[in-house]
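Peer 1:
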Amino acid sequence: MLRKLMKHEFRATLRVMLPLYLLLVVTALGARVSISGLLGTESALVDILASLLVVAFAIAMAAVCLVSVFLMVQRFYQNLLRDEGYVMMTLPVSVHQQVWSKLLVGVLWCAATVALVCLSLFILVFDLEMLEGFARFAGDVWAFLKTEYGFNGVLVALEVAVVCVLAMCSAYLEFYCALAIGHSRPSHKLVWSIAAYFGMDALISLVGGPFVRALASTGIFDKISVVTESATQATHLALWISALVCACSAAFYYAITTWFLKNRLNLE
Amino acid sequence: MVFSCENLCKCYGKVQALEDVTFSIQPGHIVGLLGPNGSGKTTLIKLANGLLTPTSGAISICGGPVGKESHSLVSYLPERTSVPLWMTAAQLLDFYCDFYPDFRRDAAEEMLRSLGISPRQRIRQMSKGTREKVQLIATMSRRAKLYLLDEPIGGVDPATRDYILSTIITNYDPDAAVVISTHLIADVERVLDDVIFLNQGRVVLQSSVDDIREREGKSVDQLFREVFRC
Amino acid sequence: MHWQISSDAPIYAQLIEQITVNIVSGGVPPGGRIPSVRELAAEAGVNPNTMQRALAELEREGLVHSLRTAGRFVTEDEAVIHQAKRTLAQKHICRFLSAMADLGYGQQEIISLLGEEQED
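Taken in sequence, the protein lines are chains U, Y and L. Residues in the first sequence are numbered consecutively from 1, following my numbering. Residues in the second sequence are numbered consecutively from 1001, following my numbering. Residues in the third sequence are numbered consecutively from 2001, following my numbering.
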């Protein structure tokens, strides 16, 4: 059932995301043309046109990033807690499957957006020589790190990716959680949702402070310090701790979200 | 027992929407849930669908609690348009096919045809009445054990009303039960076995339609007007 | 056939009467097949359970009988049909007489009025 939920979630979001991605690629091409040929010519008109193309690309870039985050929160709200919730929340699926489908699709779209943004930047500055130079430079740095510190680049990249995904999940779930709490109220649901969001933020920092202090007292932070241990180990440890913190907060928000959806649902 | 409630209460803050509601519905029966606006009809149906949580009391659907399992037994028509508007009618049928193994796609397509609704039209572009029809078609094309229909004939013209009522009586399984909530009693009276009158969140009468006619010598509609005279 | 459900009497009783009228007036011939409960219910726009109840009552009266697989049929016994026709006629006469009594007519006056109506 999770697969089917995700399929329909993709269908619903594809309608918005696909045109946006197309727009981004097209404006990137426009900006590229503008930078490589049109800017700095004699004609003022061409100059204005060229700068407009660049501005359009910047706007498209910002729009894609904003929409891909906003849409996923909006889908949770619109699809589960508003009118469409009458259909979605009476499907023979569990609340867990509902939340997972929204979360996974949201994360996948974010990953796609990151990839698309990279692609469009690549289009913008595509230059074979420069690319070769960059590749050589990166290879040198890589090799240096490896020989000097025994740095495992692939592993670190993986760890960074895990931390990013977990942080994204946690951020989404915080929104879901606030909405789920706010919509369990009989009225003023959105106001309550916003209050819940800030309330939880306050709670997290209230609990987070002592948590970090408790961690510090175990002496774990000393290990991260480059002075005491090798830089490589310190990096790994720092990434693992970040991952753990993100996973904990994500799990906390997930538990609250599903509990409220299951036990305190109050559709208008 | 397909559907039963025991001492069911629901409060919205301080407002008591349902108070100590107890009844049960047998398989094969079509039951009218009748009451003036704000009497708790929609609240009751939403509780049975898990869209609200009861303040106290219990609901049982085919012997089990409200949840994932009961959702596969219940076919629900909400009182408002709640299907995603961006879908076409055909996409909506895909959606129902995917989630409900008991969905009869051929029956749904046949009904769309007979009402002259194009499967390729987007629901957003349909009139309010057509949206209601599409949603009802999707609801009645399931082979469910319990149909909960909230105001199925509220917003449509009398000719469509007849079509909808005949759709309901020809499509339900004899083992299934149908609950129709409405305040348009004269229109639905002929298709009902039993009626439940709700007033201010309480059950004030529960009887079979023919019993009312025999005992009172008047139609349910007339009785309703007397019971709820303002 | 044409169905007319009024608001006062029980629905199943009205269904019995209307099916009976249809049979005694030859709408369905003796031995003729009656449509299924579902078809009749959809046609009349009534609950199938109510239609079922009406047909069961007609079966009890002997006006129709069901063969397990083939469906329901009107009786071939003309006497039963005739009897049903008679019963219906008596019912109508009773109603008529009581309405006329309400208007203040005596039995003789009613008969002479009927005679006048005939001449026109």
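For each residue, glycine too, the CB sits at the ideal point set by N, CA and C.
(1) According to DSSP, which residues form a beta bridge with residue 1182 (chain Y)?
(2) Taking all protein chains shown into account, do 16 or more other C-beta atoms lie within 10 angstroms of the C-beta of residue 1213 (chain Y), making it buried, or fewer, making it exposed?
(3) Give the DSSP-derived three-state secondary structure of residue 102 (chain U) in the structure shown.
(4) Between residue 90 (chain U) and chain Y, is the shortest Cβ-Cβ distance under 7 angstroms, so that the two count as touching?
(5) So, for residue 1189 (chain Y): in the same chain, excluding its five sequence neighbours on each side, which residues have a beta-carbon less than 7 angstroms away from its beta-carbon?
(6) Can you confirm whether the region 1182 to 1202 of chain Y touches the region 1035 to 1051 of chain Y when touching is taken to mean that 3 or more C-beta pairs between the two stretches lie within less than 8 angstroms?
(7) So which residues on chain L does residue 1165 (chain Y) lean against when the C-beta distance must stay under 7 angstroms?
(8) Please return the same chain residues whose Cβ sits closer than 6 angstroms to the Cβ of residue 182 (chain U), not counting the five positions on each side in sequence.
(9) With a threshold of 16 other CB atoms inside 10 Å of the CB of residue 1065 (chain Y), please say whether the residue is buried or exposed.
(10) Which residue from Y:1165, Y:1204, Y:1181 puts its Cα closest to that of residue 1140 (chain Y)?
(11) Suppose you measure from the CA of residue 15 (chain U) to the CA of residue 115 (chain U); what does that come to, to the nearest Å?
(12) Using a C-beta to C-beta distance shorter than 8 angstroms, which residues of chain Y count as neighbours of residue 265 (chain U)?
(13) Out of Y:1026, Y:1007, Y:1081, Y:1019, which one is the CA nearest neighbour of residue 1194 (chain Y)?
(14) Please list the partners that residue 1095 (chain Y) has in chain U, where partner means a Cβ-to-Cβ separation under 8 angstroms.
(15) Alpha carbon to alpha carbon, how far is residue 1202 (chain Y) from residue 1132 (chain Y)?
(16) In terms of alpha-carbon separation, which member of U:254, U:12, U:45, U:160 lies closest to residue 78 (chain U)?
(17) Using the C-alpha atoms, what's the distance from residue 31 (chain U) back to residue 118 (chain U)?
(18) Taking only runs that begin and end inside the region 1040 to 1088 of chain Y, name each unbroken alpha helix (DSSP H) of 4 or more residues, in chain order.
(19) Of the residues that make up the region 1119 to 1140 of chain Y, which ones have a beta carbon closer than 8 angstroms to any beta carbon in chain U?
(20) Please list, in chain order, all residues of the same chain as residue 1059 (chain Y) whose beta carbon is under 7 angstroms from its beta carbon, the five residues on each side excluded.
(21) Just checking: is the beta-carbon of residue 1178 (chain Y) within a distance shorter than 7 angstroms of some beta-carbon in chain U?
(22) Give me the chain Y residues within the contact set of residue 176 (chain U), using Cβ-Cβ distance strictly less than 8 angstroms, ordered along the chain.
(23) Select from Y:1137, Y:1191, Y:1217 the residue whose C-alpha is nearest the C-alpha of residue 1029 (chain Y).
(24) Alpha carbon to alpha carbon, what distance is there between residue 1123 (chain Y) and residue 1182 (chain Y)?
(25) Residues of the region 1006 to 1023 of chain Y with a CB closer than 7 angstroms to any CB of chain U: list them in chain order, please.
(26) Could you check if residue 2070 (chain L) is buried or exposed, using at least 16 other CB atoms within 10 Å of its CB as the buried criterion?
(27) In this structure, how does DSSP classify residue 2098 (chain L) when only helix, strand and coil are distinguished?
(28) Round the Cβ separation of residue 1054 (chain Y) and residue 1088 (chain Y) to the nearest angstrom and send it over; I've been treating them as touching at under 8 angstroms.
(29) If the cut is a Cβ gap below 7 angstroms, which residues of chain Y does residue 4 (chain U) touch?
(30) In whole angstroms, give me the CA-to-CA distance for residue 1095 (chain Y) and residue 8 (chain U).
(31) Pull up the DSSP beta-bridge partners for residue 1006 (chain Y), would you.
Peer 2: The relevant details are as follows:
(1) Y:1034
(2) buried
(3) helix
(4) yes
(5) 1209, 1219, 1220, 1221
(6) yes
(7) 2045
(8) 189, 192, 193, 196
(9) exposed
(10) Y:1165
(11) 19 angstroms
(12) 1050, 1051, 1052, 1053
(13) Y:1026
(14) 8
(15) 29 angstroms
(16) U:12
(17) 15 angstroms
(18) 1041 to 1048, 1068 to 1073
(19) none
(20) 1005, 1008, 1047, 1048, 1066
(21) no
(22) Ordered by position in chain Y, no residue passes the 8 angstroms Cβ test against residue 176 (chain U), which lies about 18 angstroms from the chain.
(23) Y:1191
(24) 24 angstroms
(25) 1012, 1013
(26) exposed
(27) helix
(28) Actually they are not in contact, since the Cβ atoms of residue 1054 (chain Y) and residue 1088 (chain Y) sit about 37 angstroms apart, beyond 8 angstroms.
(29) 1098, 1099
(30) 8 angstroms
(31) Y:1058
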